[in-house]
Amino acid sequence: MEAAQEIREAVAQVTHLREAARAQPGLGAAVMAVKRLQHQRFAGTYADLLADPRHQQAARFFLDELYGCDDFSERDAQFSRIAGALERLFPAHVVATAVSLARLHVLTEQLDHDLAVQWERLTDDPAASEAARYTTAWRAVDRRPERGTQLEVVMAIGSELERLTRMPGLRMALRLMRKPAAAAGLAALQAFLEAGFDTFAVLARQPDGARIFLDTIRTRESAWIDRLFDADFVACETQLAQTLGQAR
20 MEAAQEIREA VAQVTHLREA ARAQPGLGAA VMAVKRLQHQ RFAGTYADLL
70 ADPRHQQAAR FFLDELYGCD DFSERDAQFS RIAGALERLF PAHVVATAVS
120 LARLHVLTEQ LDHDLAVQWE RLTDDPAASE AARYTTAWRA VDRRPERGTQ
170 LEVVMAIGSE LERLTRMPGL RMALRLMRKP AAAAGLAALQ AFLEAGFDTF
220 AVLARQPDGA RIFLDTIRTR ESAWIDRLFD ADFVACETQL AQTLGQAR
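Our numbering numbers the first residue of the sequence shown as 20 and each following residue consecutively.
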């Protein structure tokens, strides 16, 4: 499948899932609850990196851009509009990053939607904590292979962004695109590309900076996947509640 077609289809699937959630107020609220909890869990898991000047920018980029709970509808629309131009105007590595982002976006939205369906069914138990509700919903959804794929795509995006920082002249090219991108209504997508480039440029100035950061993400996220699927329920709930508390 061509890159432009894959991006457009991914955006269309995300839009469909969001519209389906908005059509059911309870489900829509559940989707936002799931996204907020996951954002908080990430912030708690990486509180040390968020406080470390060496990794703070990269951790914040992952938290806001890849694990964020904001509404990315504007960026999605821009993404879809520029999809055809990507292959004509950008180097292959930039196109690969855009395709990976589209894949991650639709997979994440699908998994969040499925979690929200289960989350909504559990709201009848007022005594259940958020951590218990999330763990129950996670195990009800299952989809373990897709969780592994989700993590691998996140790692691929990080690796691709790190490679972009080694392409001579690309940062200047991105800077020169600001005004044309704004005029074309593509400011949100432009901001994402620049933020990703600058984030990994900072890591690249540190010895093995990008590798150490990405290895940390892989190790901790793999541990959370295993914990949420396999750990004793009470132990998992307790650990999740503690991690959420670290982000508050």
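All C-beta atoms in this analysis are idealised placements derived from N, C-alpha and C, irrespective of residue type, glycine included.
Proximity below 7 Å, CB of residue i to CB of residue j
i, j, result
"ALA220", "THR184", "yes"
"VAL33", "HIS124", "yes"
"ALA135", "GLU256", "no"
"ALA223", "ALA229", "yes"
"GLY63", "ALA266", "yes"
"HIS58", "PHE232", "no"
"THR154", "LEU141", "no"
"LEU68", "ALA78", "yes"
For residue i, the nearest candidate out of the options (CA to CA)
i, options, result
"TRP157", "ARG230, GLY47, GLU84 and TRP243", "TRP243"
"LEU36", "GLN75, ALA62, ALA121 and ASP133", "ASP133"
"LEU56", "TRP138, LEU68, LEU180 and ILE231", "TRP138"
"MET186", "ASP217, ALA77 and PHE80", "ASP217"
"THR127", "GLN43, LEU69 and GLU165", "GLU165"
"ALA24", "ARG122, ARG41 and LEU189", "The displayed chain sequence assigns Gln, not Ala, to residue 24. The shortest Cα separation from GLN24 among ARG122, ARG41 and LEU189 belongs to ARG122."
"LEU189", "GLN76, LEU212, ALA31 and ALA175", "LEU212"
"VAL173", "ARG73, ASP67, THR238 and HIS74", "THR238"
"GLY264", "PRO226, TYR65 and GLN76", "TYR65"
"GLN225", "PRO72, LEU85, ASP249 and GLY47", "PRO72"
"ALA112", "ALA70, ARG152 and ARG182", "One detail in the question is off: residue 112 reads as His in this sequence, not Ala. The residue with the shortest Cα to Cα distance from HIS112 is ARG182."
"GLU38", "ASP249, GLU179, GLN129 and LEU195", "GLN129"
"PHE81", "SER99, ALA175 and GLY167", "ALA175"
"GLY167", "ILE236, GLN76 and ALA48", "ILE236"
Residue i to residue j span [Cα, whole Å]
i, j, result
"PRO110", "ALA29", "21 Å"
"ASP143", "PRO199", "51 Å"
"ARG27", "LEU120", "12 Å"
"SER241", "ALA115", "24 Å"
"ASP234", "MET51", "29 Å"
"GLN169", "ALA159", "18 Å"
"ASP83", "GLU21", "28 Å"
"ARG60", "ALA206", "29 Å"
"VAL118", "GLY177", "13 Å"
"ALA260", "LYS54", "16 Å"
"ALA40", "ARG162", "20 Å"
"ASP245", "THR262", "16 Å"
"ALA250", "ALA147", "18 Å"
"PRO44", "ASP131", "15 Å"
"ARG197", "LEU180", "19 Å"
"PHE248", "ARG152", "14 Å"
query: Which full runs of the alpha helix (DSSP H) of 4+ residues lie inside the stretch 224 to 256, going along the chain?
result: 228 to 249
- request: Run through the stretch 104 to 150 for me and flag every whole beta strand (DSSP E) of 3 or more residues, listed as ranges in chain order.
  value: none
query: What alpha helix (DSSP H) runs, 4 residues minimum, are completely inside the stretch 33 to 96?
result: 44 to 64, 66 to 69 and 75 to 80
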